Structure formats: C-alpha cells, structure tokens
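Engineer: So the number in our numbering is just where the residue sits in the sequence shown, counting from 1, plus 123.
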Amino acid sequence: MEDTRKKPIIEVKDISYKYAEDHVLEHVSLNVPEGAFLALVGPNGSGKSTLLKLILGLLKLQSGKIKLFGEDIRMFKDWDQIGFVSQKANSFNTGFPASVFEVVQSGLTKKIGLFAFPKKKHREKVLDALKSVGMLGFQDRNIGELSGGQQQRVFIARALVSEPKLLILDEPTVGVDSRHVHEFYQLLGELNKKSGITLILVTHDVGTVTDKVSHVACLNKSLHFHGDAEEYHSLDEKELSTMYGTSVQLISHNH
124 MEDTRKKPII
134 EVKDISYKYA
144 EDHVLEHVSL
154 NVPEGAFLAL
164 VGPNGSGKST
174 LLKLILGLLK
184 LQSGKIKLFG
194 EDIRMFKDWD
204 QIGFVSQKAN
214 SFNTGFPASV
224 FEVVQSGLTK
234 KIGLFAFPKK
244 KHREKVLDAL
254 KSVGMLGFQD
264 RNIGELSGGQ
274 QQRVFIARAL
284 VSEPKLLILD
294 EPTVGVDSRH
304 VHEFYQLLGE
314 LNKKSGITLI
324 LVTHDVGTVT
334 DKVSHVACLN
344 KSLHFHGDAE
354 EYHSLDEKEL
364 STMYGTSVQL
374 ISHNH
C-alpha cells in the first residue's frame, strides 16, 4: 500500500539488474514517501545491496527509472541530501588515530572546503549531531576506543551532520552487542519522529524492528511485499516463507 499523502522522496520504477547472466533484480518498483521509516528485508543474495547502490548512484541503471526528490537520478546533483551508513562503518581498530569529533566533522568536508578551517558554526553542527545520537561528551575520545554500538552512533552522527533529508543504513547492527540492539533501533525511531528525517534500514532483524518502522519492503530479486508495518504483521508464516524462499517465523519484540 503506497502512502499518497506525502510526496515520494524515492521513486523506483521497473528496475531490473544483472551481473553477467545473473539476474539480481527483476522489475522492482518502490516508492518511499517523505518522513517514512522503511525496513528493507530479504534473504542474502536477494538484491538489497544492489538496489541500494542504484539508489545511491554507485551503479548505473540498466533498465527502469529512479527519481530522487522528484528528479531523475541521471540529473540529480544534490547528494548532500542523502546520508549513508554502511555495515562496515564500525570496523575500526583501536589504533585508528582520529577523535570522535574529527570523524563526525569529516561529514562536513564538502561544506567547509578541503583546505579551509572549520568555523564556529561547523563545530556547533558537530556537537548537535553528537547530541542527537546520545554521544555528546565523547567528542574527544578516540573512535577506536568505543564499542561497536557507540562507533555506529558516531557514524550516524557523521551522516546527520550535513543535515540530509534521507538517511540510508545498511545492516547497521553488525558488530553491535545484542544487548544494545533494541536501544539502537529506539534511537533510529526517535530520529525519524523528532526530526522527520526519512530512513531506509536494510536489516535481517525484522522481528525486532517492526514496532519502530512505518513501512516494510520484502525483496527477493523481485518485490514480494511493500506496505505498512501493520500489514506486514498480518502476514502468516506461509506467506513469509514464500517471500524469503525458506521457512521463516516473524517474532515481534515489544519492550
């Protein structure tokens, strides 16, 4: 079910993609309305990463169309409107020589200028971004000294510091202690509600996150489901297993 009340930030229309003869996406159409929190789910090899790369302009379209903020992706230039946090973002070793402040400030390089000095307003943006993810007070710590969950919060702050309208997160709980996963999703839900930022979350942990998201899209080469989270909850085990290509049971964790 599409949300027609708000304009779509992303419009994907009839996308297909293949590597050599391997078809990874087949006729995928998907709209993401402004202010949505979309969970993109599916088994390994289902095409989720390829779809993200197409939306981020990292792969060239082979067929179909993509519009970002109403503009054809081939003409789109305002990439500062889109923040991205990859699942590899928190793979720092303890000797990495950068403070939390420096990591977040690196998200402003384009606005500050490569060889220019940051100004007071840039410092304030960094501190605001750290505050929004609950990491204010950690700005002088070395990024490599933090836990996986703390590092991932810092990288969300780095993505948020340029004030994007859309934030895409690819498996962001990889490396996050299981005890802190719920807290992490709580943070994303609050960011979505308080700031109105549109979120796309690629996750395998759909049972834990469905009480936070507004929409779910299930991808397995083609799009098997796209609707609101309530509709997704109403699917039975047989329907879910058909989507995933394997037996699956949806378990919702309400805290």
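Think of the CB as a built atom: it goes at the ideal place given N, C-alpha and C, for glycine as much as any other residue.
Source: prediction; values computed, not measured.
For Tyr142, which residues does DSSP report across the bridge?
Structural biologist: Walking along the sequence shown from the start, residue 142 turns up at place 19. BP columns for Tyr142 point to Asp145.
Engineer: Tell me, please, whether the segment 297–311 touches the segment 219–235 by the rule of three or more beta-carbon pairs shorter than 8 angstroms.
Structural biologist: Flag = no, the segment 297–311 and the segment 219–235 do not touch.
Engineer: Quick one: is Gly165 buried, meaning 16 or more other Cβ sit within 10 Å of its Cβ, or exposed?
Structural biologist: Within the sequence shown, residue 165 is the residue found at index 42, counting from 1. Buried: at least 16 other Cβ atoms inside 10 Å.
Engineer: Counting along the chain, where does the beta strand (DSSP E) carrying Ala162 start and finish?
Structural biologist: Within the sequence shown, the letter at position 39 stands for residue 162. Where Ala162 is concerned, the enclosing beta strand (DSSP E) stretches over 160–164.
Engineer: I need the boundaries of the beta strand (DSSP E) containing Leu324, first residue and last residue.
Structural biologist: Walking along the sequence shown from the start, residue 324 turns up at place 201. It spans 321–325 - the beta strand (DSSP E) in which Leu324 sits, taken as one unbroken run.
Engineer: Report the three-state DSSP secondary structure of Pro131 (helix, strand or coil).
Structural biologist: By one-based count along the sequence shown, residue 131 stands at place 8. Of the three classes helix, strand and coil, the one that applies to Pro131 here is strand, per DSSP.
Engineer: Please give the ranges of any beta strand (DSSP E) in the segment 261–312, keeping only runs that are unbroken, at least 3 residues long and fully inside the region.
Structural biologist: Counting only runs of 3 or more, we get 289–293.
Engineer: Under the DSSP definition of a beta bridge, which residues are partnered with Lys136?
Structural biologist: Residue 136 sits at position 13 when you count from the first residue of the sequence shown. Lys188, per the DSSP bridge assignment.
Engineer: Measure the C-alpha to C-alpha separation of Asn154 and Leu253 and round it to an integer number of angstroms.
Structural biologist: As a position in the sequence shown, residue 154 is number 31, starting the count at 1. As a position in the sequence shown, residue 253 is number 130, starting the count at 1. Going from the Cα of Asn154 to the Cα of Leu253 covers about 30 angstroms.
Engineer: Do Gly170 and Lys344 have their C-beta atoms closer together than 8 angstroms?
Structural biologist: The count along the sequence shown starts at 1 and reaches residue 170 at position 47. The count along the sequence shown starts at 1 and reaches residue 344 at position 221. Yes. Within cutoff.
Engineer: Quick one: what does DSSP say Val336 is sitting in, helix, strand or coil?
Structural biologist: Within the sequence shown, numbered from 1, the residue matching residue 336 stands at position 213. Correct three-state label for Val336: coil.
Engineer: Could you give the C-beta distance for Ser301 and Arg264, rounded to a whole number, given that I count them as a contact under 8 angstroms?
Structural biologist: As a working mapping, residue 301 is identified with position 178 in the sequence shown. As a working mapping, residue 264 is identified with position 141 in the sequence shown. In fact, because the Cβ distance is near 23 angstroms, the residues do not count as touching under 8 angstroms.
Engineer: Given 8 angstroms as the limit, is there contact between the segment 266–280 and the segment 190–204, that is, 3 or more CB pairs closer than that?
Structural biologist: Taking 8 angstroms as the limit for Cβ pairs, the verdict is that the segment 190–204 does not touch the segment 266–280.
Engineer: Glu194 by DSSP, collapsed to three states: which one?
Structural biologist: Working through the sequence shown from its first residue, we reach residue 194 at position 71. DSSP places Glu194 in strand when its eight states are reduced to three.
Engineer: With 16 as the cutoff for other CB atoms within 10 Å, does Thr127 come out buried or exposed?
Structural biologist: Looking up residue 127 in the sequence shown gives position 4. Low confidence applies to Thr127: its pLDDT is 46, below 50, so where it sits in the model is not reliable, and the reading given next is rough at best. Exposed.
Engineer: Measure the Cβ-Cβ separation of Ser255 and Ala282 and say whether it is below 8 angstroms.
Structural biologist: Your numbering for residue 255 matches position 132 in the sequence shown. Your numbering for residue 282 matches position 159 in the sequence shown. No. Outside cutoff.
Engineer: Just to confirm my understanding: we take Ser209, look at its own chain, exclude 5 residues before and 5 after, and list those with CB closer than 7 angstroms. What are they?
Structural biologist: Residue 209 sits at position 86 when you count from the first residue of the sequence shown. Same-chain partners within the cutoff: Asp293.
Engineer: Can the beta-carbon of His305 be found closer than 8 angstroms to that of Thr326?
Structural biologist: Counting from one through the sequence shown, the residue named residue 305 turns up at place 182. Counting from one through the sequence shown, the residue named residue 326 turns up at place 203. Result no, Cβ atoms of His305 and Thr326 do not sit closer than 8 angstroms.
Engineer: For Asp203, report the span of its beta strand (DSSP E) as first-last.
Structural biologist: If you number the sequence shown from 1, residue 203 lands on position 80. Asp203 -> no beta strand (DSSP E), and no H or E assigned at all.
Engineer: Helix, strand or coil: how does DSSP classify Ser229 here?
Structural biologist: For the purposes of this step, residue 229 is taken as residue 106 along the sequence shown, with counting starting at 1. Helix, per DSSP.
Engineer: Tell me which residue opens and which closes the alpha helix (DSSP H) that Asp328 is part of.
Structural biologist: In the sequence shown, the residue the question calls residue 328 occupies position 205. First-last for Asp328: undefined, no H or E at that position.
Engineer: Thinking C-beta only, is His338 closer than 8 angstroms to Leu161?
Structural biologist: As a working note, residue 161 is residue 38 in the sequence shown. As a working note, residue 338 is residue 215 in the sequence shown. Cβ distance < 8 angstroms, so Leu161 and His338 count as in contact.
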